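Asker: Starting off with a structure, shown below.
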Amino acid sequence: MSSQQENVGSMTDFGPLAGLIGVWEGSRGTDISPGFPDRMKTDTEKQYHERWVFEPVNPAVTNHDQKLRQLVCDTSAWRGSPSTAGKIAGEAFHGQRGYWIWDPASKMVLNSFAVPRGIVINAGGMAEPDATSFELVAEAGPEVYGICQNPYLVENFKVVRYLLKLRLGGDGSLDYEQDTQLEIKGRGLLHHTDTNHLVRQNP
(Lines of atoms letter the chains of each structure in order from A and count residues from 1; the text may use other names and numbers.)
(Lines give C-alpha, C1' and ligand atoms only; values in the text may rest on other atoms or scores of the structure.)
Protein backbone atom coordinates (compact mmCIF):
# COMPACT_ATOMS: atom_id res chain seq x y z
CA MET A 1 0.00 0.00 0.00
CA SER A 2 1.35 3.43 -0.88
CA SER A 3 1.86 6.16 1.72
CA GLN A 4 -0.91 8.15 0.01
CA GLN A 5 -3.33 5.23 0.40
CA GLU A 6 -2.34 4.89 4.02
CA ASN A 7 -3.13 8.57 4.57
CA VAL A 8 -6.55 8.40 2.98
CA GLY A 9 -7.42 5.12 4.68
CA SER A 10 -10.70 3.28 4.31
CA MET A 11 -14.11 3.83 5.82
CA THR A 12 -13.46 1.01 8.30
CA ASP A 13 -10.75 3.20 9.84
CA PHE A 14 -13.50 5.50 11.12
CA GLY A 15 -15.13 2.77 13.21
CA PRO A 16 -18.67 3.67 14.30
CA LEU A 17 -18.30 7.13 12.74
CA ALA A 18 -18.18 5.70 9.21
CA GLY A 19 -21.97 5.45 9.08
CA LEU A 20 -22.31 9.17 9.82
CA ILE A 21 -20.43 10.41 6.76
CA GLY A 22 -22.72 12.42 4.49
CA VAL A 23 -25.55 14.93 4.71
CA TRP A 24 -28.57 14.44 6.98
CA GLU A 25 -31.79 16.45 7.22
CA GLY A 26 -35.02 16.22 9.17
CA SER A 27 -38.03 18.33 10.14
CA ARG A 28 -39.43 16.48 13.14
CA GLY A 29 -37.33 18.27 15.72
CA THR A 30 -38.58 19.26 19.17
CA ASP A 31 -36.60 21.79 21.21
CA ILE A 32 -37.44 22.62 24.83
CA SER A 33 -35.42 25.58 26.06
CA PRO A 34 -35.43 28.55 28.46
CA GLY A 35 -37.95 31.17 27.47
CA PHE A 36 -36.86 34.36 25.75
CA PRO A 37 -37.01 37.07 26.88
CA ASP A 38 -38.41 35.61 30.14
CA ARG A 39 -36.02 32.92 31.41
CA MET A 40 -38.59 31.83 33.98
CA LYS A 41 -40.76 30.48 31.18
CA THR A 42 -40.11 27.58 28.81
CA ASP A 43 -40.20 27.73 25.01
CA THR A 44 -41.13 24.66 22.96
CA GLU A 45 -40.23 24.61 19.27
CA LYS A 46 -41.80 21.72 17.35
CA GLN A 47 -41.20 20.52 13.81
CA TYR A 48 -37.95 22.45 13.46
CA HIS A 49 -35.74 21.68 10.47
CA GLU A 50 -32.17 20.53 10.97
CA ARG A 51 -29.16 19.72 8.80
CA TRP A 52 -26.01 17.80 9.82
CA VAL A 53 -23.01 17.52 7.48
CA PHE A 54 -20.21 15.04 8.26
CA GLU A 55 -17.01 15.07 6.20
CA PRO A 56 -13.98 12.80 6.76
CA VAL A 57 -10.61 14.33 7.61
CA ASN A 58 -7.53 12.89 5.89
CA PRO A 59 -4.89 11.96 6.76
CA ALA A 60 -5.38 10.64 10.29
CA VAL A 61 -4.19 12.90 13.12
CA THR A 62 -1.67 11.52 15.60
CA ASN A 63 -0.80 12.49 19.17
CA HIS A 64 2.56 10.69 19.26
CA ASP A 65 1.43 7.04 19.44
CA GLN A 66 -2.30 7.88 19.54
CA LYS A 67 -3.88 7.66 16.07
CA LEU A 68 -7.24 9.39 15.68
CA ARG A 69 -9.77 9.51 12.86
CA GLN A 70 -11.99 12.57 12.54
CA LEU A 71 -15.11 13.85 10.87
CA VAL A 72 -15.75 17.58 10.55
CA CYS A 73 -19.37 18.24 11.51
CA ASP A 74 -21.51 21.32 10.85
CA THR A 75 -24.98 21.47 12.38
CA SER A 76 -27.71 24.04 11.65
CA ALA A 77 -31.33 24.32 12.78
CA TRP A 78 -34.25 26.51 11.69
CA ARG A 79 -37.56 27.16 13.41
CA GLY A 80 -40.71 25.52 12.14
CA SER A 81 -43.29 27.22 9.93
CA PRO A 82 -45.14 28.38 11.87
CA SER A 83 -42.93 28.58 14.93
CA THR A 84 -44.66 26.93 17.89
CA ALA A 85 -42.48 29.02 20.22
CA GLY A 86 -43.97 32.23 18.88
CA LYS A 87 -40.77 33.19 17.05
CA ILE A 88 -40.04 34.04 13.39
CA ALA A 89 -40.93 31.10 11.12
CA GLY A 90 -37.90 29.59 9.42
CA GLU A 91 -35.47 31.62 11.53
CA ALA A 92 -32.06 30.03 12.15
CA PHE A 93 -31.81 29.42 15.90
CA HIS A 94 -28.88 27.07 16.37
CA GLY A 95 -25.53 26.29 14.82
CA GLN A 96 -22.44 24.41 15.91
CA ARG A 97 -19.17 23.27 14.39
CA GLY A 98 -16.67 20.70 15.51
CA TYR A 99 -15.11 17.28 15.17
CA TRP A 100 -16.29 13.77 15.82
CA ILE A 101 -13.25 11.70 16.76
CA TRP A 102 -12.62 7.95 16.90
CA ASP A 103 -9.72 6.36 18.78
CA PRO A 104 -9.61 2.72 17.63
CA ALA A 105 -7.09 1.70 20.30
CA SER A 106 -9.26 2.76 23.25
CA LYS A 107 -12.64 2.59 21.41
CA MET A 108 -13.33 6.18 22.43
CA VAL A 109 -15.84 8.34 20.56
CA LEU A 110 -15.51 12.08 21.14
CA ASN A 111 -17.72 14.92 19.96
CA SER A 112 -15.64 18.07 20.31
CA PHE A 113 -17.65 21.12 19.24
CA ALA A 114 -18.19 24.83 19.73
CA VAL A 115 -21.42 26.81 19.77
CA PRO A 116 -21.11 30.53 18.88
CA ARG A 117 -22.53 31.56 22.25
CA GLY A 118 -19.09 31.17 23.81
CA ILE A 119 -19.17 27.52 24.83
CA VAL A 120 -17.06 24.49 23.92
CA ILE A 121 -18.02 20.89 24.79
CA ASN A 122 -15.93 17.71 24.72
CA ALA A 123 -18.46 14.89 25.07
CA GLY A 124 -17.10 11.37 25.12
CA GLY A 125 -18.01 7.73 25.47
CA MET A 126 -17.05 4.22 24.41
CA ALA A 127 -18.27 2.20 21.43
CA GLU A 128 -17.39 -0.88 19.42
CA PRO A 129 -16.09 -0.35 15.86
CA ASP A 130 -19.35 -1.65 14.36
CA ALA A 131 -21.68 0.13 16.80
CA THR A 132 -24.75 1.83 15.38
CA SER A 133 -25.67 3.63 18.59
CA PHE A 134 -23.70 5.31 21.32
CA GLU A 135 -23.99 7.70 24.24
CA LEU A 136 -21.70 10.68 24.89
CA VAL A 137 -21.45 12.70 28.11
CA ALA A 138 -19.70 15.89 29.25
CA GLU A 139 -19.78 17.66 32.60
CA ALA A 140 -18.66 21.03 33.92
CA GLY A 141 -15.52 20.73 36.04
CA PRO A 142 -13.61 17.59 34.93
CA GLU A 143 -10.54 17.91 32.70
CA VAL A 144 -11.71 14.90 30.66
CA TYR A 145 -15.04 15.14 28.80
CA GLY A 146 -15.56 18.68 30.05
CA ILE A 147 -17.40 21.92 29.31
CA CYS A 148 -15.88 25.41 28.98
CA GLN A 149 -18.14 28.45 28.77
CA ASN A 150 -17.98 32.23 28.91
CA PRO A 151 -18.49 34.14 32.19
CA TYR A 152 -22.01 35.31 31.29
CA LEU A 153 -23.21 31.76 30.72
CA VAL A 154 -21.60 30.54 33.94
CA GLU A 155 -23.42 33.28 35.84
CA ASN A 156 -26.82 33.01 34.13
CA PHE A 157 -27.20 29.79 32.13
CA LYS A 158 -24.44 27.46 33.28
CA VAL A 159 -24.27 24.14 31.42
CA VAL A 160 -23.55 21.58 34.14
CA ARG A 161 -24.05 18.39 32.11
CA TYR A 162 -24.49 17.39 28.48
CA LEU A 163 -25.81 14.04 27.23
CA LEU A 164 -26.21 12.88 23.63
CA LYS A 165 -27.79 9.58 22.57
CA LEU A 166 -27.49 8.77 18.87
CA ARG A 167 -28.76 5.83 16.82
CA LEU A 168 -28.20 4.98 13.17
CA GLY A 169 -30.99 3.03 11.48
CA GLY A 170 -30.46 0.51 8.72
CA ASP A 171 -32.93 2.45 6.57
CA GLY A 172 -30.72 5.52 6.21
CA SER A 173 -32.07 7.30 9.27
CA LEU A 174 -30.42 8.93 12.27
CA ASP A 175 -32.24 9.59 15.54
CA TYR A 176 -30.85 11.52 18.47
CA GLU A 177 -31.80 12.72 21.93
CA GLN A 178 -29.84 15.56 23.50
CA ASP A 179 -30.12 16.80 27.09
CA THR A 180 -28.25 19.97 28.03
CA GLN A 181 -28.72 20.57 31.74
CA LEU A 182 -28.73 24.28 32.57
CA GLU A 183 -28.40 25.90 35.99
CA ILE A 184 -30.43 29.07 35.40
CA LYS A 185 -29.99 32.06 37.70
CA GLY A 186 -33.15 32.61 39.71
CA ARG A 187 -34.80 29.46 38.38
CA GLY A 188 -32.63 26.43 39.07
CA LEU A 189 -32.03 23.36 36.92
CA LEU A 190 -33.70 23.03 33.52
CA HIS A 191 -33.31 20.16 31.06
CA HIS A 192 -32.88 21.86 27.69
CA THR A 193 -33.71 18.97 25.38
CA ASP A 194 -33.60 18.40 21.64
CA THR A 195 -34.75 15.39 19.61
CA ASN A 196 -34.98 14.81 15.89
CA HIS A 197 -35.27 12.16 13.18
CA LEU A 198 -32.87 12.78 10.29
CA VAL A 199 -32.66 11.10 6.90
CA ARG A 200 -29.54 10.69 4.78
CA GLN A 201 -29.67 12.86 1.66
CA ASN A 202 -28.68 11.54 -1.76
CA PRO A 203 -25.29 12.78 -3.01
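Position one of the sequence shown corresponds to residue 818 (the numbering used here), numbered consecutively onward. Note that CB positions come from ideal geometry on N, CA and C, so glycine has one too. Predicted model, so just to flag it, every value in this text is computed and none were measured.
1. If we count the other Cβ atoms within 10 Å of its Cβ and call it buried at 16 or more, is Q1018 buried or exposed?
2. Going by alpha carbons, who is nearest to S923 out of H911, G941, V932 and E908?
3. Terminal residues of the continuous alpha helix (DSSP H) containing V961?
4. Please name the residue or residues paired with P851 in a DSSP beta bridge.
5. Does the contact criterion of 3 or more C-beta pairs under 8 Å hold for the stretch 844-861 versus the stretch 871-891?
6. Could you check where the beta strand (DSSP E) with E972 kicks off and where it finishes?
7. Measuring CB to CB, does E1000 end up less than 9 Å from T1010?
8. Measure the alpha-carbon distance for Y979 versus T997 and round it to whole angstroms.
9. Have a look at S990, A909 and K863 and flag the residue whose alpha-carbon is nearest the alpha-carbon of I800.
10. Does the distance from the C-beta atom of W1053 to that of L834 stay below 9 Å?
11. Hey, how far is the Cα of I964 from the Cα of R934?
12. Do you know how far the Cα of F853 is from the Cα of R906?
13. Got a sec? Which residues, its chain only, sit under 7 Å from S819 by beta carbon, not counting five neighbours each side?
14. From what residue to what residue does the beta strand (DSSP E) around G942 run?
15. In terms of residues, what are the limits of the beta strand (DSSP E) holding S893?
16. For a test of the three-state rule: what should DSSP assign to A794, helix, strand or coil?
17. How long is the line joining the alpha carbons of M925 and G986, rounded to whole angstroms?
18. Could you name the residues of the same chain whose beta carbon sits closer than 6 Å to that of V937, not counting the 5 residues immediately before and after it, in chain order?
19. Is it right to say E867 is buried, meaning 16 or more other beta carbons lie within 10 angstroms of its own, or is it exposed?
20. In chain order, what residues of the same chain have a beta carbon less than 6 Å from the beta carbon of W917, not counting five sequence neighbours either side?
21. Over the uninterrupted beta strand (DSSP E) stretch that includes D996, give me the two end residues.
Answerer: The answer reads as follows:
1. By the neighbour-count rule (16 or more Cβ atoms within 10 Å), Q1018 is not buried but exposed.
2. The residue with the shortest Cα to Cα distance from S923 is G941.
3. V961 -> no alpha helix (DSSP H), and no H or E assigned at all.
4. Looking at the DSSP assignment, P851 forms a beta bridge with T859.
5. No: fewer than three Cβ pairs fall under 8 Å.
6. First-last for E972: P968 to N973, but that is the alpha helix (DSSP H), not the beta strand (DSSP E).
7. No; because the gap between Cβ atoms is not below 9 Å, this pair is not in contact.
8. Across the structure, Y979 and T997 are spaced so that their CA atoms are roughly 5 Å apart.
9. Because residue 800 is not part of the residues shown, which for the chain are 818 to 1020, the question remains open.
10. This structure leaves residue 1053 out entirely; the chain is present only between 818 and 1020.
11. C-alpha separation (whole angstroms): 13 Å.
12. Here the sequence assigns Ala to residue 906, which means Arg is not the residue at that position. Distance between the alpha carbons of A906 and F853 is about 16 Å.
13. Any reading at S819 must be qualified, since the residue scores a pLDDT of 31, below 50, and its modelled position is unreliable; the value itself is stated next. Correct list: empty, nothing qualifies.
14. Unbroken beta strand (DSSP E) run through G942: I936 to M943.
15. Start and end: Q883 to W895.
16. Because residue 794 is not part of the residues shown, which for the chain are 818 to 1020, the question remains open.
17. A straight line joining the alpha-carbon of M925 with that of G986 spans about 21 Å.
18. Closer than 6 Å at Cβ, skipping near neighbours: A931 and C965.
19. Classification of E867: buried, given that the 10 Å Cβ count is 16 or more.
20. L834, L888, C890 and N928, listed in sequence order.
21. Residues S990 to I1001.
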